[in-house]
Structures are given as structure tokens and as C-alpha cells.
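For the protein sequence lines, the chains are A and B, in the order given. Per the working numbering, the very first residue in the first sequence carries number 443; after that it's consecutive. Per the working numbering, the very first residue in the second sequence carries number 13; after that it's consecutive.
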Amino acid sequence: MAEQPSLLKSIIKKGLAGVVVGVILVVLAKALEFPPVFQTMFFIYAMLGAAVYVLLDAPAVKPVGGAKALIALIVFYAVISGVYIGGASLLPQYDPQDEKGKIEKLLKPKRAATEQGKAEELLARTQALAEKAEALMKRLQAAGVGGTGEAPGAGGANAATGPGAATGDMVAMGKQQWDLQECYNCHKLEGKGGKKRGPELDNIGSLMTPEQLRQKVLEPQSWMAEGFEKEYEKKKMPSKYRELMEDKEVDALVAFLSTLKNPSVNTPKPIQKK
Amino acid sequence: MKTWQRSLLVTLGLVAAFGTAAYAQTPSAPVAQFPYTGNRTAVWIVAQLHILFAAFILGAPIFVVISEWLGHRKQDPRYDRLAKEVTKVTVILYSMTALTGGLFIFVLLATYPQFTTWLINHFFLIFAVIYPLLFIAETIVLYLYFYTWDSWKGEQKARHIALGVLLNLIGTVTLFVIDGPTSFMNTPARAAEGLSLVEYIQTASLWDKIYNYSWMPLNLHRLVGNVTFGGFIAGLIAAYMYMGAATDEERSYYDWMGFVGNLIGVGALLFLPFMGYLLAFELCDYDASICPYMMADQLSMFFEMQGAMVGLIFLASNYYIWLSMKRIRGLEHIRMSLATLVLMVSIPPVFMLVWTLFPIPDLMALVVPAAYIAAFLLLARFTPWTVSSQTMVKVAFLMVIIGNAIWMTPHAFVATQALAPEDGSLSLPHGELALGSITLSFGDLALMPAKNAAAFTLVFVTVVNYILYNRAIRRGTIVWGKIDFVSQFVLIFLAFSAIWTMGLMGSVRSLVRKYFHTYNLFYDFTSESFTPTLSYAAWWITAITLGFYIVVSFAILVTLRATEAKAHAAERKPVPAGAK
Chain A
443 MAEQPSLLKS IIKKGLAGVV VGVILVVLAK ALEFPPVFQT MFFIYAMLGA
493 AVYVLLDAPA VKPVGGAKAL IALIVFYAVI SGVYIGGASL LPQYDPQDEK
543 GKIEKLLKPK RAATEQGKAE ELLARTQALA EKAEALMKRL QAAGVGGTGE
593 APGAGGANAA TGPGAATGDM VAMGKQQWDL QECYNCHKLE GKGGKKRGPE
643 LDNIGSLMTP EQLRQKVLEP QSWMAEGFEK EYEKKKMPSK YRELMEDKEV
693 DALVAFLSTL KNPSVNTPKP IQKK
Chain B
13 MKTWQRSLLV TLGLVAAFGT AAYAQTPSAP VAQFPYTGNR TAVWIVAQLH
63 ILFAAFILGA PIFVVISEWL GHRKQDPRYD RLAKEVTKVT VILYSMTALT
113 GGLFIFVLLA TYPQFTTWLI NHFFLIFAVI YPLLFIAETI VLYLYFYTWD
163 SWKGEQKARH IALGVLLNLI GTVTLFVIDG PTSFMNTPAR AAEGLSLVEY
213 IQTASLWDKI YNYSWMPLNL HRLVGNVTFG GFIAGLIAAY MYMGAATDEE
263 RSYYDWMGFV GNLIGVGALL FLPFMGYLLA FELCDYDASI CPYMMADQLS
313 MFFEMQGAMV GLIFLASNYY IWLSMKRIRG LEHIRMSLAT LVLMVSIPPV
363 FMLVWTLFPI PDLMALVVPA AYIAAFLLLA RFTPWTVSSQ TMVKVAFLMV
413 IIGNAIWMTP HAFVATQALA PEDGSLSLPH GELALGSITL SFGDLALMPA
463 KNAAAFTLVF VTVVNYILYN RAIRRGTIVW GKIDFVSQFV LIFLAFSAIW
513 TMGLMGSVRS LVRKYFHTYN LFYDFTSESF TPTLSYAAWW ITAITLGFYI
563 VVSFAILVTL RATEAKAHAA ERKPVPAGAK
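1) Taking beta-carbon pairs under 8 Å, can you tell me which members of the stretch 492–513 of chain B lie near chain A?
2) Find out if the Cβ-Cβ distance for the pair Ala555 (chain B), Ile57 (chain B) is shorter than 9 Å.
3) For the beta strand (DSSP E) containing Tyr348 (chain B), list its first residue and its last residue.
4) What are the partner residues of Thr398 (chain B), as DSSP defines its beta bridges?
5) Report back the beta-carbon spacing between Trp512 (chain B) and Met321 (chain B) to the nearest angstrom; my notes put them in contact at under 8 Å.
6) Report buried or exposed for Thr49 (chain B), applying the criterion of at least 16 other Cβ atoms within 10 angstroms of its Cβ.
7) Compare the Cα-Cα distances from Asp267 (chain B) to each of B:Ala59, B:Val399, B:Arg339 and B:Leu209 and report the closest residue.
8) Return helix, strand or coil for Gln45 (chain B), following the three-state DSSP convention.
9) Whose CA, out of B:Ala446, B:Thr474 and B:Ala251, lies closest to the CA of Ala356 (chain B)?
10) Where do the N-terminal and C-terminal ends of the alpha helix (DSSP H) with Phe528 (chain B) fall, by residue?
11) Would you say Gly288 (chain B) and Ile249 (chain B) are within 9 Å of each other, going by their C-beta atoms?
12) Give me, in chain order, the residues of the same chain whose beta-carbon lies closer than 7 Å to that of Leu343 (chain B); leave out the 5 immediate sequence neighbours on both sides.
13) Near Phe158 (chain B), what residues of its chain come up, given a Cβ to Cβ distance below 7 Å and the 5 sequence neighbours on each side ignored?
14) Do Met376 (chain B) and Asn464 (chain B) count as a contact pair if the criterion is CB distance below 9 Å?
15) Could you tell me whether the stretch 366–380 of chain B touches the stretch 518–534 of chain B, using the rule of 3 or more Cβ pairs below 8 Å?
16) Roughly how many angstroms lie between the CA atoms of Ile513 (chain A) and Thr259 (chain B), to the nearest whole one?
17) Cutting at 7 Å between CB atoms, please list the residues of its own chain near Thr571 (chain B), excluding the five before and the five after it.
18) Under 8 Å, CB to CB, which of the residues in the stretch 153–180 of chain B have a partner in chain A?
19) Helix, strand or coil: how does DSSP classify Ala226 (chain B) here?
20) Kindly indicate which residue of A:Ser452, A:Val659, A:Ile486 and A:Val468 has the alpha-carbon position closest to the one of Asp499 (chain A).
21) What does a CB cutoff of less than 6 Å around Ala72 (chain B) pick up in its chain, not counting 5 residues either side in sequence?
22) Using beta-carbon positions only, say whether Thr403 (chain B) and Ser349 (chain B) come within less than 9 Å of one another.
23) For the stretch 552–566 of chain A, which residues have a beta carbon sitting closer than 7 Å to at least one beta carbon of chain C?
24) Could you check what DSSP says for Tyr535 (chain B) in three-state terms: helix, strand or coil?
25) Roughly how many whole angstroms lie between the Cα atoms of Ile466 (chain A) and Gly460 (chain A)?
26) Does the CB of Thr545 (chain B) have a neighbour CB from chain A at under 9 Å?
27) Locate the alpha helix (DSSP H) running through Leu275 (chain B), then write down its first and last residues.
28) Check Ile340 (chain B) in the structure and name its three-state DSSP category.
29) Quick one: does Gly718 (chain A) have its CB under 9 Å from some CB of chain B?
30) CA-CA distance, Val476 (chain B) and Leu490 (chain A)?
31) Report yes if the CB atom of Leu438 (chain B) is closer than 9 Å to the CB atom of Tyr536 (chain A), and no otherwise.
32) Could you tell me the distance, in whole angstroms, from the CA atom of Ser453 (chain B) to the CA atom of His442 (chain B)?
33) Going straight from the alpha carbon of Ile479 (chain B) to that of Pro712 (chain A), what length do you get?
34) Would you mind working out which of A:Gly647, A:Lys715, A:Arg656 and A:Glu624 sits nearest Phe670 (chain A), comparing C-alpha positions?
35) Candidates A:Cys628, A:Leu571, A:His629 and A:Asp693: which alpha carbon is nearest Leu660 (chain A)'s?
36) Excluding the 5 residues flanking Gly83 (chain B) on each side, which residues of the same chain have their C-beta closer than 6 Å to its C-beta?
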């Protein structure tokens, strides 16, 4: 019990020191234009440091046993579980909905190509036909009793043939492929994306023909961007697209890339290797 | 648990392994649907539990046999007792490994029958022959090792140690074999010239499939990880037993055991960041698009959490060393060179600069840091200025916090960099600093050279603390059994955090397959093939860790506390020689 005041004193002293250091770090971070979230992190680190120094100088705890030890253990587990779940939940969370739509678009044609996909498609078609037949029956029944009012669902299922990717807008489809295949992770376009792994592509349409672009996508080792010798040697561009992309998806991507003709951006010169 | 009960569990596991390989040959089975968790999470729970048990039964025997050998060599019975006690727990958990392994394959077949059949067919020889045979061999050797402990002593001890080495060899081969299909799912192969990946896999040999990009890095990572894990679990056993110890002698022994467990755990932990780096490097080398997915996009905050966990583990392990040092009489006389302190403080900026100039694996990335450290060590040898151990430890803790802060600095505090606001309100500022031919920016704090420098700082600090500790025990007097009681909670915390981090990184390794069961080869068409939130993952990782802890705690109580109680009962109530 005699050691309690010294622990309290230590907490106050080191806590105050932590606050002072934290404030200095925040002021410094602000001056260096770190956003508030980083300033907060710096303050948290300062307080963590203070907590660590309190622990280092804390008086020894006397052993406990039996039920007391068991309760202490359960509380300890509950606290660390809570801290880990809470800590992980406080960090920014990726919304799976953002990814689900994208994955659905990517997998739809692949699923359709499988036996199961074909069976599912047949089932869906059968169901649509059954619905159509039912609607027709209702209309006939309505006509049979001499009614002139519109049958429910007039227009039937055929009325819903809206526009979409299938309208033939290859460039829009190609832009979609750019996003779906996550080309932006390595290539910068319009100043966005890319982490120096691949060249900026804003002017690639002026430097390569559609055939050459197609060759590069399907056989990454066929062309090398000037200045990217190391990346070329390490085969940084994956050769998986010939496996993962349908022909029409490659055509669309190539059509999109061919439209990229912005001479103000210094897209590196492509060098044919094969 | 009796021998027949353990044998029954192991048999069930083997039946499951054989049975599923046979079941995989039958055509399409209906898919089961797990309520509440969904199929993917159900597989996740069972797989993670199995891996945790397996990690312990593969990791623990490595230091068990080392401990037994040390006991034999030093003629110190404490090492032998430690080895035997950990083996007792291992035997119980071995049964749990078999049980969860069988359950894992059943759940996998019930929920993903097409894929499981496909995978088993690709590795049929492994799943149907090699793995079960290794499992049987390991079961026999483990039981033989355990049950010959008391009979093979004295001159026969060397034979017993050799049996332990054999057990480890079989365990390591088992790990390497099962890592084949596991790593294949991440990095099956690169398409060969003129062949599509699908065509190549159909013609590839079993060895081609096993010897894939991430196989050896995964082997090394798991091997080192298992030793770390085994060490921390030994620490956990010691903490539980210390808390329940009735005599000073027992407390003294379990205090010592906790220290040895932590020493082994931390010793292996020092290599773990580099093994993890090697695995990540190979994954990125296999397919560059995996890298941003892990580090910059959907999984970036998983790595943020990993940084926090690694920092906490290093803080806790160093705190344990500090608590161990505090009870050494004569610690105040221990001093260390000022040059070492300066070296420690200078590591983050200097190494970050060096690794920016010479990126790993450039040879200079090794030579320059080695020369830098050697120069300081020479300086330390020939300069008279020293600092006290107290000062050294306090600066060391400061460096752990700084190292961890660097490790945890992201480009932007966003779930994915693609969503980072363009106004930079969540990103690192653009400020730059020109240093001769190179320019450093704040953004570099989020790049690999900075992370590597941070990891090296954590490792260096821990090594320095252990050097201090060694000096203290050589020159001072250690009083076993008198350690601060808080240290037992530190041991428990270390084991819990190590398991939690294993769960986190295991989920990352599985999630990098994205919407594939086997990357680029076998699509996962189910509605669950998306990246879960970190929060969701954290809930399940915690639940799995607690589940594992409950079983391990039970195993410790059943094997060690019960045995101890029996021993004490026998001591207290001597039975007259003639009584029956």
C-alpha cells in the first residue's frame, strides 16, 4: 500500500510529460502540413510512450492465486479481446459492397461458361418463359371476358430491354475493363493511380497500334517501356490476362487504350522485344 | 485423457483423411449451407483452429528436443522437466490436431465439393498416401518419444534425444508436404511458353505443383513461426502453473520456464519479420497485382493492424526482459557503451536512407548496414563513454515506439488507396528533403525501405536488451520465483497476441487469392468471394483465438495440474508399506 502514492505520482508525472510531448508533436506535424488524422496518431504515440514509461517504473505486483487469479485472467482476456476487436474496428473499413459489384461483373461471363452456369442460364430462361406464358394467359383471360382494361404487367418481360454495356460501346466497356482488371494499380492515367510499377499511359494510343496493344496485353514480354528495363526483366506485368480475359474484353480494353492520345503526358516509348 | 481416447481421436483424424480422399473420387455432391457464419467463415474457423493446433505440435517438439539436449548436456534437470511437461501438453493437442484436421476436410468437402475434389485430384498422392503415412509415422514416434521418457535415461538418454530429432524431421517433412497444396492455391505456376496456365497445370508433375513460387518461403515462415508460437505457448503454460504454484520451489521453476519459453519465442520472433517479408516478396514477384491488393488496397488496413500487433508483441517481450532484469541484484552496476545507444537511435533514419539508395536485394543493401554496425561496434570497443542499463532500456523502449510508429505509417488513412480523397486530407504531406542525389519525401515513410528500417530497429532493440540481460546475470544474482507477478500476464499477453497475429496474417494469405480458390485457376463463384471488413475478420480471429485458448488451458489443467495434484497428494499422505 505504501507504494501506491508513488505509482500515482508516476502516472501524473509521466502522463503530463506525454501530453507535453504529444502537443509538441501535433504542433510540429501541423506546421509540416500533416493532416489531422496523422496528428492524432502522433499524439496517441506520445501517450503510448508515457504509458510504457509508467509501466517500466511501476512497483511490483504481489502474486495472487485461486479464484482471484482466475477472475483476473478472465478480465484480462476480455480486455485484450475488446481492445483488439475495437482497435481493428476503429481503422478505416473497406466496404465489401464496392467489390461485390465488380467481382460479379468479372465472374458473370466465367460462370456462364461453366456447366453449372449453363444449367443456371437454362433455368433462368425457362423461368422467364414461364412468366411470359403466365402473363399471356392472363391477357387472354382478360380479353375472353370482354374487358378492355390493360392487363397487369402490360408490355411483358420484353419491355425491359434497356441500354447497357451490350450496346456496343467498346470504349466504355474498355474503361470498365481498366477498372475491373485494376490496371490503375500499376499504370497512371489522367494523373490517378500507379505506383511507379508501370508507365503512365495517357498517350499510349499515339505510340502503339491496336494490334500492338493487344499483343502487349496478352504477351507482356513482347514490348518494353523505355526506362522500365528493371520491371521488364522482373516480369512485373502479369501474363495472366490471356487466361482471365475473354476476347471481347481484350478488344474493348484495346479500343479504350487506343483512344488515349494526350501528347502533354510523357508516356515512355514502347520498344518491341519479340 | 487416456491413451485409448487419444488413439481414438487420432484414428478418427486418419479415417477422415483417407475417407475424404476416396470421397473426392465420387461425382458432384450437394453443397451444404452453414447457417449464421456462411460457408467461407465456417471453413475459416475450422482451418484456423487446425493450423493453430498443428503449429504447436510441430513447433513445440523443436525446442522440446533442444531443451532435453541442454538438460542432458548441462545435467540440469529443469530443462528435462520443461521438455517433458511441454511434451505432455503436445500429446493432448496432437489429438486435437487430428480431430480438427479431419473436421476441416469434411467441412471443406461439404461446402466446396467441386473445388475440394479438384484439389485432391491434383495432389492425390499427397492426400491419399504421403500425408497419412507421415501422420501415422509421427503418431508412432511421438507416443514412443513420450512413453520412453522415463525408461530411456542415463546412458540411453542420447537414444531418446535421437528419437526426438526423428520426430522433428518427420514433423518438418509433414509441414513441407502439406505446404505444397496450400502454397499452390496462392501461386500455382506461371504459364509456360506457348501453353496456357490451365494446359500447363494439366501436364505438370506433382513436384512442379509443389515446388511453386511461395512454397519454400511459406515453409520457412511457418517453421520459424511455429517455433515462436511453441515458445510463447510454453510461456503460457509456465504462467498458468506459476499462478497456481503452492510452493516457492514450484514458483521458482515456473518462473524459469516462463523465461526460457519467452527467450525461445522472442529468439525465433526476431527472424519472423524477414521470413514474412520473403513470403510477401515472392507473392509479389509471382504476380505484381497481389502487392497493391495486400499493401495499398483492400487488405492495407489488415497490414496496419499487423503493424500494431508486431509493435505490441515487441513492446511486451522487451517489457518481460525488463521485468526479468529488475529482480537481478547488482543490475545498477551494468553499463553499456554510448556508441551502442547512438547506433540504436540512428538506425531508423540511416537504414531507411540506405535501403532507399540500395533497394533490397541489392548486395549493397547488406554491405552498407553491416559496415555501419561494425564501425559502431568498434567505436564501442575503444571508447570509454558508457550509459547505465536503466538509460539504455528506457531509450530502447522509446525506439520500439518510434519503430512501430514508422511501421504503422500508411500513405493514407483510407481503406483503399483508390478511395483516398484528392485533397490529401487523409494522406501524408508532399514535403520533400533533398539529400545530395536523392530526394526523400514524407511519402517515403510509407514505403518498404522505411518499413524494413523499422523492423530492423525492433529486432536490434530486442537483441540489445538481451545482451544487457546476459551481462546482468553474469555479474549479478538472479532470484528465480521473485519476478513481478505482472510478468505472468505479459507471458499470457504474448501468447494471445502471437496467436491473434497468426490468425490475422493467415487470413491475409488466404484472401490474396481474391475471387479464386486457386489463384488464376479455379474461380470461387459463390457470393462470399469478396474481401471481408477488418472488423469482421477481427471478431472471428478473436473468437478462434479464445476457442484455441480454452482448449489449450484445459489441456494444461488436465495434464500438468492434475499430475501435480496427484504428486502432492502422494507426498502428503504416505501409505504404509504393508497397506493395500
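Every residue, glycine too, gets a C-beta built ideally from N, C-alpha and C.
Working from what's here:
1) Asp496, Phe497, Val498, Phe501, Ile504, Phe505, Phe508, Ser509 and Trp512
2) yes
3) A small fix is needed here, since residue 348 (chain B) is Met in this sequence, not Tyr. From DSSP, the beta strand (DSSP E) with Met348 (chain B) extends over Arg347 to Ser349.
4) B:Ser349
5) 7 Å
6) Label assigned to Thr49 (chain B): exposed.
7) B:Arg339
8) coil
9) Checking the sequence, you will find Met at residue 356 (chain B) rather than Ala. Residue B:Thr474 is the option with its Cα nearest to Met356 (chain B).
10) Element bounds for Phe528 (chain B): not the alpha helix (DSSP H) but the beta strand (DSSP E), Phe528 to Thr530.
11) no
12) Here the set comprises Met337, Ser401, Ala484 and Gly488.
13) Thr99 and Val103
14) no
15) no
16) 21 Å
17) Lys100, Val101 and Ile104
18) none
19) Checking the sequence shown, residue 226 (chain B) turns out to be Ser, not Ala. Three-state DSSP puts Ser226 (chain B) in coil, outside helix and strand.
20) A:Ser452
21) Once the five neighbours on either side are set aside, the close Cβ partners of Ala72 (chain B) are Val98, Thr102 and Gly242.
22) no
23) This model lacks chain C altogether, as its protein chains are A and B.
24) Three-state DSSP puts Tyr535 (chain B) in a strand.
25) 10 Å
26) yes
27) Where Leu275 (chain B) is concerned, the enclosing alpha helix (DSSP H) starts and stops at Asp260 to Leu281.
28) strand
29) In the structure as shown, chain A begins at 443 and stops at 716. Residue 718 (chain A) is therefore absent and cannot be evaluated.
30) 22 Å
31) no
32) Going from the Cα of Ser453 (chain B) to the Cα of His442 (chain B) covers about 6 Å.
33) 55 Å
34) A:Lys715
35) Closest option to Leu660 (chain A), Cα to Cα, is A:Asp693.
36) Tyr91 and Asp92, listed in sequence order.
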